[in-house]
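Trainee: Sending over a structure as C-alpha cells; questions will come in a sec.
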Amino acid sequence: MFLHNREELQNLRKEAEKRLHAAKLRVLVCAGTGCIASGSKEIYDKMKELSEGNGQVSVEFEGEVPHPEIRKSGCHGFCEMGPLMRIEPLGILYIKVKVEDCEEIYEKTICQGQPIERLLYHKDGQVYQSEEAIPFYAGQMRLVLKNCGHIDAENIEEYIAVGGYSALEKVLFDIDKDTALDMMEESGLRGRGGGGFPAGRKWKQVARQKETQRYVVCNGDEGDPGAFMDRSIMEGDPHKMLEGMLIGSYLTGAQNAYIYVRAEYPLAVERLQKAIAQAEEYGLIGDNVLGTDFCIHFHINRGAGAFVCGEGSALTASIEGKRGMPRVKPPRTVEQGLFAKPTVLNNVETYANVPMIITNGVEWYRSIGTEGSPGTKAFALTGNVNNTGLIEVPMGTTLRTIIYDIGGGLKGGGKFKGVQIGGPSGGCLVEENLDVPLDFDQVKKYNAIIGSGGLVVMDESTCMVDVAKFFMGFTQRESCGKCVPCRIGTKRMLELLEKITDGKGEMEDLDKLEETAKFIQARSLCGLGKSAPLPVLSTLKNFRDEYIEHIVEGKCRAHVCEAMKVYEIDPEKCKGCTKCARNCPVGAIAGEKKQPHKIDPSKCIKCGSCMDNCPFGAIGVK
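Our numbering puts the sequence shown at residues 58 to 679.
The structure is reproduced here in C-alpha cells:
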C-alpha cells in the first residue's frame with residue numbers, strides 16, 4: 058500500500074486501529090533477544106500450530122471459541138522472568154513460559170478465558186495477573202518503551218494504529234521547520250548516548266550550515282557490557298526510531314540517513330531492514346514522502362565490532378569504509394561529519410524521544426524528569442539484583458527506587474555495595490549515593506556518567522579491585538591505539554591492577570594509578586579515552602581500603618582474587634574420606650583415613666579442586 062498523501066495515511070490509521078481492536082484475542086510472545094535465547098521462538102511456533110491449523114497468521118474458529126492472533130512482540134523488559142507471553146484483552150502476563158505449557162494455555166486461557174496461576178508473577182504471597190500491576194512495571198514510566206511488548210514489532214500498520222507517523226505528518230503539514238526546530242531545542246532533550254549534549258541545539262547547528270548536502274546518522278553501536286537499551290528499541294519498536302530520524306532529516310535538510318548497528322545484533326538488523334522496507338512500500342521513506350518535496354533514503358551499516366566506534370568521528374569513519382578511529386576536533390561532526398558534510402548524530406533512544414515531543418509538545422515533555430535533564434531514561438538493570446531487565450524511569454529517579462522498588466532488592470538479601478553506571482567509561486556509585494537523583498549533571502559530581510544507561514548492581518561478594526581491573530582490561534583491549542595516552546596509559550594501569558590482584562602490589566602503586574589516570578583524562582584524543590580511568594578513580598575513592606587490604610594484608614575480602622585465596626579444612630566437618638587428597642594435583646593435602654586432613658599452604662596452587670570434591674562441605678576459603 059503506497060500512501061500518496063496525508064489523507065491516505067489518516068484513513069489507514071483509522072482502519073488499522075479498527076483491525077487492532079477487532080481481534081477478540083491477541084497472544085503476544087516476546088521476541089526480544091533474551092527471550093528468544095530462552096526458547097520463545099519455539100513457544101511462538103507451538104502457539105501458532107495450536108491456534109492456526111492452516112498456517113495462516115490468523116484463523117477463524119467455529120462457535121464461541123475466540124479468534125486468536127499470534128504475534129511477535131518486542132522486549133517486555135522483564136528479562137529475568139522470560140520467556141514472556143502477554144494475552145490481550147485479558148490483560149494476562151505469563152512468565153517463564155515453556156513449550157510444554159502451550160497446550161494448557163490454549164485450552165484454559167484462549168478457549169476458556171481462565172488464567173493459569175502458576176504461570177503468573179508471584180511476590181510475597183501475592184499473585185499478579187496484569188503486567189501493569191507487577192512492582193517491576195508499576196514503578197516505571199515507559200514512554201520510549203511504551204510499544205515494546207504491546208505491538209507486533211514486524212507490522213507497520215500496528216505502529217500506525219497506535220499513533221505512529223503522526224508526528225512526521227505534523228511537521229510535514231502543520232508546523233514550519235523553524236518552529237519544529239525551536240520545539241526540539243526548548244524541549245531540553247539531551248543525547249541519550251552518553252554525552253548528554255542538547256539534541257535540538259545540534260540539529261539547529263546542522264540546519265544552519267551553508268553546505269546543503271547533509272546527513273542524519275543513528276548510533277546503534279551499543280558496546281557497553283550489560284547494556285541493551287538501544288537493541289531492545291530497534292528490535293521491539295523500530296518504526297519509532299525511524300520516525301524520529303525522518304523528522305530529523307526533514308528539519309535539517311538531509312536526504313540520506315544512516316543507521317550504524319552492531320554486527321552482534323542480527324535480530325535488530327533484521328527488524329530494521331523489515332521496517333525500512335515496509336516504510337518504503339507505504340511511501341513514508343523515499344521520494345516525495347506523502348506527496349511533499351521531502352525525499353529521504355535510509356542505509357544500514359553493520360559495525361565492525363569495535364567499542365571505539367561508539368565515538369562519533371570513529372563511527373562516521375567506519376561508515377565511510379575507513380578504520381574506526383577518532384579524529385581531532387574541531388571541525389565538529391555538525392560541521393564536517395559523514396563524508397565531511399554536516400551531520401546530525403544521535404543514538405537510538407534519542408531519536409525515539411522525538412515523535413513524542415512533536416506530538417505532545419514541549420511543556421508536556423519538560424514536565425517529566427528534571428529541569429536540566431527532562432524526559433525519561435532507559436536503563437539496563439543487571440548484576441546482583443532480583444529483577445534484572447530493561448527499565449525506563451523519569452530522569453532524576455534515585456538509585457534506591459531503581460534497585461529496591463523496581464529491581465526488588467539484592468539477590469539472596471545481600472548487602473548493597475555499589476553500582477557501576479555508564480559502562481566501562483563510567484564510575485561507581487555507593488550506598489551514600491543511593492538517594493542521588495540520576496541525571497546528566499548530578500552524576501558527574503561523583504566521578505561517574507549516565508552513559509548509555511548500563512547499571513550493574515554489586516553486593517558484598519564483589520571485589521572492587523577486580524571490577525576496576527575488568528573494566529580497565531575491556532578499555533585497554535578496545536583502545537583504537539591512535540593516541541599514546543590511551544594506548545599506553547590504559548596498559549600501564551591494567552598492569553598495576555593485575556599486580557595488586559596477584560598479591561604483588563605496593564602502596565606506591567596507588568599513587569601511580571591516580572597519576573596515570575589523570576594523565577589519560579587530560580591528554581587522550583577522544584571522549585572514550587578521557588573517561589576510561591573513571592572506574593579506577595571511583596573505586597579508589599570509595600573503596601581504597603580494599604586496595605590497601607590487597608597490598609598490605611594480601612587479602613581479598615570477597616574471595617574473588619585467586620592469588621589471595623587461602624583454602625582450609627574445618628576439622629569439625631572433615632570425615633577423613635581422603636577424596637580431597639586424591640584429587641589434589643600437587644599433593645598439598647595430607648591426613649590419615651577417618652581423621653581430619655590439613656592443607657599445606659606452601660604447596661597449594663589454589664585450584665579449588667579440593668573444595669569442589671569435598672562431599673561434606675568441610676573446605677572453604679579463609
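Beta carbons: idealized from backbone N, C-alpha and C, even for Gly. Only a predicted model underlies this, so the values are computations on that prediction, with no experimental measurement involved.
#1: Can you look up C664 in the DSSP assignment and give me helix, strand or coil?
#2: May I ask you to report which of helix, strand or coil DSSP gives G277?
#3: For E121, does the count of other Cβ atoms within 10 angstroms reach 16, so buried, or fall short, so exposed?
#4: Quick check: the Cα distance between Y272 and K259, rounded to an integer number of angstroms?
#5: Rounded to whole angstroms, how far is the Cβ of R63 from the Cβ of E226, which I believe are closer than 8 Å?
#6: On a Cα-Cα basis, can you pick out the residue from I414, L85, F497 that is closest to Y222?
#7: Figure out for me which residue from H179, T90, G220, F364 has the closest Cα to the Cα of C583.
#8: What is the residue span of the alpha helix (DSSP H) that A361 lies within?
#9: Does DSSP put Y339 in a helix, a strand or coil?
#10: What's the gap between the Cα of K548 and the Cα of V318?
#11: Quick one: what's V184 bridged to in DSSP?
#12: Would you decide whether K492 is buried or exposed? Buried here means 16 or more other CB atoms lie within 10 Å of its CB.
#13: Is the Cβ-Cβ distance between G277 and M286 less than 8 Å?
#14: Hey, which unbroken runs of the beta strand (DSSP E) at 3 residues or more fall wholly within the segment 508-583?
#15: Please look up how many angstroms separate the CB atoms of L553 and D566, rounded, as I've assumed it's under 8 Å.
#16: Please list the segments of the alpha helix (DSSP H) lying wholly inside the segment 156-234, counting only runs of 4 or more residues, in order along the chain.
#17: Would you mind giving the Cβ-Cβ distance between Y624 and M668, rounded to the nearest angstrom? I have them listed as a contact below 8 Å.
#18: Measure the alpha-carbon distance for L66 versus S289 and round it to whole angstroms.
#19: Whole angstroms is fine: what's the gap from L200's alpha carbon to A332's?
#20: Using a Cβ-Cβ distance under 8 Å, would E160 count as near chain D?
#21: Just the C-alpha distance for K472 and A435, rounded to the nearest angstrom, thanks.
#22: Please list, in chain order, all residues of the same chain as V405 whose beta carbon is under 7 Å from its beta carbon, the five residues on each side excluded.
#23: Give every residue of the same chain whose Cβ lies closer than 7 Å to the Cβ of P628, excluding the five residues on either side of it in the sequence, and list them in chain order.
#24: Please give me, in chain order, every unbroken run of the alpha helix (DSSP H) with length at least 4 that falls completely inside the segment 581-656.
#25: Under the three-state reduction of DSSP, which class applies to R247: helix, strand or coil?
#26: Indicate the three-state DSSP secondary structure (helix, strand or coil) for Y503 in the structure shown.
#27: For N404, name the three-state secondary structure that DSSP assigns.
#28: Return the first residue and the last residue of the alpha helix (DSSP H) that M298 is part of.
#29: Please state whether DSSP places G475 in a helix, a strand or coil.
#30: On the CB-based measure, 16 or more other CB atoms within 10 Å of its CB, does S659 come out buried or exposed?
#31: How many angstroms separate the CA atom of D462 from the CA atom of G196?
#32: Quick one: Cα of P494 to Cα of E109, how far?
#33: Can you tell me whether DSSP reads S289 as helix, strand or coil?
#34: Let me confirm a value: P642 is counted as buried when at least 16 other C-beta atoms fall within 10 Å, else exposed. Which label applies?
#35: Is it buried or exposed for Q171, if we count other Cβ within 10 angstroms and need 16 for buried?
#36: Find the nearest neighbour of G480 within the set L60, R328, A589, L176, judged by alpha-carbon distance.
Mentor: So, from the data block:
#1: Here C664 sits in coil by DSSP.
#2: In this structure, DSSP gives G277 an extended state, which the three-state scheme calls strand.
#3: Bear in mind that a pLDDT of 37 at E121, under 50, signals an unreliable position, so the number given afterwards is only what the model happens to contain. Exposed.
#4: Rounded to the nearest angstrom, the two C-alpha atoms are 13 Å apart.
#5: 6 Å between Cβ atoms; contact.
#6: The residue with the shortest Cα to Cα distance from Y222 is I414.
#7: Proximity to C583 across H179, T90, G220, F364 peaks at F364, based on C-alpha coordinates.
#8: Counting along the chain, no alpha helix (DSSP H) covers A361, and no H or E run does either.
#9: In the three-state reduction of the DSSP assignment, Y339 falls in the coil class, being assigned neither a helical nor a strand state.
#10: Their Cα atoms are separated by approximately 28 Å.
#11: Answer is H179, bridged to V184.
#12: As written in the sequence, residue 492 is Asp, which differs from the Lys given in the question. Classification of D492: exposed, given that the 10 Å Cβ count is below 16.
#13: Not a contact, by the Cβ cut-off of 8 Å.
#14: DSSP runs (the beta strand (DSSP E)) wholly in the segment 508-583: 511-516.
#15: L553 to D566, Cβ: 5 Å. Contact.
#16: Runs found: 192-195, 213-218, 223-230.
#17: That pair is a contact at about 6 Å.
#18: So the alpha carbons of these two residues sit roughly 27 Å apart.
#19: The straight-line gap from Cα to Cα measures roughly 20 Å.
#20: Note that chain D does not occur in the displayed structure, where there is just one protein chain.
#21: Taking C-alpha positions only, K472 is separated from A435 by approximately 25 Å.
#22: Cβ contact annotation for V405 (same chain, cutoff 7 Å, sequence separation greater than five): C275, G277, D287, I290, M291, M298, in chain order.
#23: Cβ neighbours of P628 beyond the five flanking positions: P653.
#24: Secondary structure within the segment 581-656: the alpha helix (DSSP H) runs of 4 or more consecutive residues, fully enclosed, are 584-588, 591-599, 601-605, 636-640 (chain order).
#25: Secondary structure at R247: strand, using DSSP grouped into helix, strand and coil.
#26: Of the three classes helix, strand and coil, the one that applies to Y503 here is coil, per DSSP.
#27: In this structure, N404 counts as strand in the three-state DSSP scheme.
#28: Residues 295-309.
#29: It is a strand residue.
#30: Under a 10 Å Cβ-count criterion, S659 is classified as exposed, with fewer than 16 other Cβ atoms of the shown protein chains found around its own Cβ.
#31: Cα to Cα, D462 sits roughly 7 Å from G196.
#32: So the two alpha carbons sit approximately 50 Å from each other.
#33: Three-state DSSP puts S289 in a helix.
#34: With fewer than 16 Cβ atoms within 10 Å of its Cβ, P642 is classed as exposed.
#35: Classification of Q171: exposed, given that the 10 Å Cβ count is below 16.
#36: Looking at the Cα atoms, A589 is the closest of the given residues.
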